[in-house]
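J.: One structure, pasted below without further comment.
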Amino acid sequence: MTDPELHLVRYKTVQEFLHEMKPFDESFMNLALGPLWDDISTNPTRSEERSELSNRPLFAVLSANVLVMTLTRDTAHHPWKLAIPSTLNPDSVHYQFTIAGASRLLASTLDALVEPGGIGRIAAPSPVMDVFIDAWATSLSGKGIQITALPLDLIARSCYATRQTVPSSSACSLPANITIALAAAEDVSSLVPLFVDFTYHTHQVATPEAARASLSRAVQGHKLWVCRFDGDIAGFTVVGRETPNTIAIRNVFVRPEHRRKGLAEGMVGVLTRFYLGLDTVLEPHYPMGQPKREVCLLVKDPAVERIYARCGFLVGEDVRDPETGRKACYAFVSRGVQTYRQREKRILKTAMSSVSAIDLTWFHGNGPIGDNATLLNQNET
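Start counting the sequence shown at 1071; every next residue gets the next number (this note's numbering).
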């Protein structure tokens, strides 16, 4: 069974894509749309020039005028990302047929537009990942190309909070000796070692130079918040992936000597209320304009889920949005993929018994088609 109204659109520019996606700007689409909004908000002209030079992929599958799935890539160093809106009901009897049909449509189109090795890593909602890879493998097999899906290298939960789910302001109040403020340029030097320490818990340890550059960009974009305990910097929070309707809390870090004091929960709680337009702590100092409908979060550590739940985030396999009744949390995964021409695979099997260890290492390094794109930002909490 295939939806006869399914059709695919490829957008030429980031601006065009984001304009057409505005009706679908919600938390389930934040991981796909947010980085593109961040990019053009920083420097619209430079961003568009770069997207044209890199031929940035921007695909959407629609049924009539309703979005079913998108496939995008932020930069050449990030994975290809699949996204589906929350309006696609996983409890519907047509859900699997719709996802499968959209995946087949994307896979057949990619065959004509993208070299098989051009997709080295994929990030997607868990239910979509295997369906898409199966469709892509089937499509490529007719060309004598085989896909190997590597083990999952990211398993996380994507969730969000709304005005209806956050606790009262009294539950998010801070003691007088704890303050939260936007970071200034003079704070960057003090924050560099904290940021480097933070990245030791990720797959991408930052150098001091890279940390300084990232922090400086966050300060310039008003995306970096500093928490002070008795006047000393105790931690920081970085927000991003900001769209007209959503924003994401990306990094939360507290210095070891200040942990177990409620600082992480305090930062998340206060900032979530601030961006939802419910804040009484920060708003007098930082007028934010139009509040967001949803604050998003990608949770990689199950041990901290309860902290975010106390701040109003809808974390859990079966959690529903109290206002819409829709599924509010989903598993988000990432994995590498390698593609081989079947003839090369046969050569590899024949040659294995006779090549030296060095030759075999070289063969493995050069056999797969494609790049070694880095994983979706590992610094996200």
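Glycine included, every Cβ here is placed at the ideal spot set by N, Cα and C.
Going by the beta-carbon positions, is the gap between V1340 and I1250 smaller than 7 Å?
T.: The sequence position of residue 1340 within the sequence shown is 270, counting from 1. The sequence position of residue 1250 within the sequence shown is 180, counting from 1. Taking 7 Å as the Cβ cut-off, V1340 and I1250 qualify as a contacting pair.
J.: Pull up the DSSP beta-bridge partners for M1139, would you.
T.: As a first step, residue 1139 must be located in the sequence shown, where it is residue number 69. V1131.
J.: Between E1122 and the rest of its own chain, which residues show a CB-CB distance below 7 Å, the 5 nearest in sequence each way excluded?
T.: The residue you call residue 1122 lines up with position 52 of the sequence shown. The predicted model places E1122 with a pLDDT of 46, which falls under 50 and marks its position as unreliable; any figure quoted below should be read in that light. Here the set comprises nothing.
J.: Mind the definition here: the stretch 1204-1224 touches the stretch 1151-1160 only if three or more C-beta pairs lie below 8 Å; say whether that holds.
T.: In short, these stretches do not touch, since the Cβ pair count stays below three.
J.: Compute the Euclidean distance between the alpha carbons of M1358 and W1295, then round it to the nearest angstrom.
T.: By one-based count along the sequence shown, residue 1358 stands at place 288. By one-based count along the sequence shown, residue 1295 stands at place 225. Those two C-alpha atoms are separated by around 14 Å.
J.: Quick one: what's I1461 bridged to in DSSP?
T.: For residue 1461 there is no data in the structure shown, the boundaries of the chain being 1071 and 1451.
J.: Tell me the start and end of each unbroken beta strand (DSSP E) in the stretch 1203-1251 that is at least 3 residues and wholly inside, in chain order.
T.: Correct list: 1215-1231.
J.: Assuming Y1400 and P1195 make a contact with CB atoms under 8 Å, what is their CB distance in whole Å?
T.: Numbered from 1 along the sequence shown, position 330 holds the residue referred to as residue 1400. Numbered from 1 along the sequence shown, position 125 holds the residue referred to as residue 1195. Right, their Cβ atoms sit about 5 Å apart.
J.: Under 8 Å Cβ to Cβ from K1419, same chain only, skipping five residues before and after it: list those, please.
T.: The residue you call residue 1419 lines up with position 349 of the sequence shown. With a pLDDT of only 37 at K1419, under 50, the local geometry of the prediction cannot be trusted, and the value read off the model is given with reservation. For K1419, where only same-chain residues beyond five positions count, there are no Cβ hits under 8 Å.
J.: Skipping 5 residues on each side, what residues in its chain have a beta carbon closer than 7 Å to that of A1172?
T.: If you number the sequence shown from 1, residue 1172 lands on position 102. Within the same chain, A1172 has close Cβ partners L1076, V1131, V1138, M1139.
J.: P1302 by DSSP, collapsed to three states: which one?
T.: In the sequence shown, counting from the first residue as 1, residue 1302 sits at position 232. A small fix is needed here, since residue 1302 is Asp in this sequence, not Pro. The answer is strand: DSSP assigns D1302 an E or B state.
J.: Just to confirm, are I1225 and V1403 a CB contact at a threshold of 7 Å?
T.: On the sequence shown, residue 1225 is found 155 positions in, with the first residue counted as 1. On the sequence shown, residue 1403 is found 333 positions in, with the first residue counted as 1. Against a cut-off of 7 Å, the Cβ pair of V1403 and I1225 comes out as a contact.
J.: Does the distance from the C-beta atom of V1365 to that of Y1345 stay below 7 Å?
T.: For the purposes of this step, residue 1365 is identified with residue 295 of the sequence shown, where counting begins at 1. For the purposes of this step, residue 1345 is identified with residue 275 of the sequence shown, where counting begins at 1. Taking 7 Å as the Cβ cut-off, V1365 and Y1345 qualify as a contacting pair.
J.: Can you look up L1106 in the DSSP assignment and give me helix, strand or coil?
T.: Walking along the sequence shown from the start, residue 1106 turns up at place 36. Helix, per DSSP.
J.: Could you tell me if R1416 is buried or exposed, where buried requires 16 or more neighbouring beta carbons within 10 angstroms of its beta carbon?
T.: Looking up residue 1416 in the sequence shown gives position 346. Residue placement at R1416 is flagged as unreliable, the pLDDT there being 46, under the threshold of 50; a coordinate-derived value is accordingly withheld.
J.: Between A1193 and the rest of its own chain, which residues show a CB-CB distance below 6 Å, the 5 nearest in sequence each way excluded?
T.: For this step, residue 1193 is matched to residue 123 along the sequence shown. The answer, listed in chain order, is P1149, K1151, S1404, L1446.
J.: Quickly, what does DSSP pair L1367 with across the bridge? List them, please.
T.: Stepping through the sequence shown from its first residue, residue 1367 is reached at position 297. Beta-bridge pairing links L1367 to C1229, I1319.
J.: What is the rounded straight-line gap between the Cα of A1281 and the Cα of P1245?
T.: Sequence index remark: in the sequence shown, residue 1281 carries index 211 (1-based). Sequence index remark: in the sequence shown, residue 1245 carries index 175 (1-based). Each residue's Cα considered, the two are about 30 Å apart.
J.: Exposed or buried, what is F1202 when buried is set at 16 or more other beta-carbons lying within 10 Å of its beta-carbon?
T.: Translated into the one-based positions of the sequence shown, residue 1202 becomes position 132. Buried, since its Cβ has 16 or more Cβ neighbours within 10 Å.
J.: For the alpha helix (DSSP H) containing H1089, list its first residue and its last residue.
T.: As a working note, residue 1089 is residue 19 in the sequence shown. Per DSSP, H1089 belongs to the alpha helix (DSSP H) from 1084-1091.
J.: Rounded to the nearest angstrom, what separates F1265 and A1276 at their Cα positions?
T.: Here residue 1265 corresponds to residue number 195 of the sequence shown, with the count starting at 1. Here residue 1276 corresponds to residue number 206 of the sequence shown, with the count starting at 1. Between F1265 and A1276, the C-alpha separation is close to 8 Å.
J.: Quick check on DSSP: helix, strand or coil for Y1081?
T.: To locate residue 1081, count along the sequence shown from 1; it is residue 11. In this structure, Y1081 counts as coil in the three-state DSSP scheme.
J.: Answer with buried or exposed for H1164, where buried requires no fewer than 16 other C-beta atoms within 10 angstroms of its C-beta.
T.: Position 94 of the sequence shown holds residue 1164. Its Cβ having fewer than 16 others within 10 Å, H1164 is exposed.
J.: So is V1407 buried or exposed if we call it buried at 16+ other beta carbons inside 10 Å?
T.: As a working mapping, residue 1407 is identified with position 337 in the sequence shown. V1407 should be labelled buried.
J.: Looking only at its chain, what residues have a beta carbon closer than 6 Å to the beta carbon of T1313, apart from the 5 residues adjacent to it on each side?
T.: By one-based count along the sequence shown, residue 1313 stands at place 243. Around T1313: D1095, L1103, G1104, W1107.
J.: With distance defined between alpha-carbon atoms, name the residue in R1343, R1126, E1185 nearest to Y1356.
T.: Indexing the sequence shown from 1 puts residue 1356 at position 286. Considering only alpha carbons, the answer is R1343.
J.: State the start and end residues of the unbroken alpha helix (DSSP H) segment that holds Y1270.
T.: Looking up residue 1270 in the sequence shown gives position 200. It is not in any alpha helix (DSSP H) - Y1270 carries neither H nor E in the DSSP assignment.
J.: Under three-state DSSP, which class holds L1076?
T.: Along the sequence shown, one-based indexing puts residue 1076 at 6. Of the three classes helix, strand and coil, the one that applies to L1076 here is strand, per DSSP.
J.: Helix, strand or coil for V1198 per DSSP?
T.: To locate residue 1198, count along the sequence shown from 1; it is residue 128. V1198 falls in the helix class under three-state DSSP.
J.: L1252 and L1285: beta carbons closer than 7 Å?
T.: The sequence position of residue 1252 within the sequence shown is 182, counting from 1. The sequence position of residue 1285 within the sequence shown is 215, counting from 1. Result no, Cβ atoms of L1252 and L1285 do not sit closer than 7 Å.
J.: To the nearest angstrom, how far is it from the Cα of G1188 to the Cα of S1243?
T.: Counting from 1 along the sequence shown, the entry for residue 1188 is found at position 118. Counting from 1 along the sequence shown, the entry for residue 1243 is found at position 173. Cα-Cα distance, rounded: 49 Å.
J.: Give the DSSP bridge partners of K1362, in chain order.
T.: Working through the sequence shown from its first residue, we reach residue 1362 at position 292. According to DSSP, K1362 bridges with nothing at all.
J.: With 16 other CB atoms within 10 Å as the buried threshold, where does E1335 fall?
T.: Mapped onto the sequence shown, residue 1335 falls at position 265. It counts as buried.
J.: Taking the alpha helix (DSSP H) that R1330 belongs to, which residues open and close that run?
T.: Here the question's residue 1330 lines up with position 260 in the sequence shown. From DSSP, R1330 is part of no alpha helix (DSSP H); its letter is neither H nor E.
J.: Return the residue from the list D1144, F1098, N1100, F1129 that minimises the CA-CA distance to K1082.
T.: Working through the sequence shown from its first residue, we reach residue 1082 at position 12. When only C-alpha atoms are compared, the closest one is F1129.
J.: Rank F1299, R1320, A1182, D1200 by C-alpha distance to the C-alpha of C1229 and give the top, closest one.
T.: Within the sequence shown, numbered from 1, the residue matching residue 1229 stands at position 159. Ranking F1299, R1320, A1182, D1200 by Cα distance to C1229 puts R1320 first.
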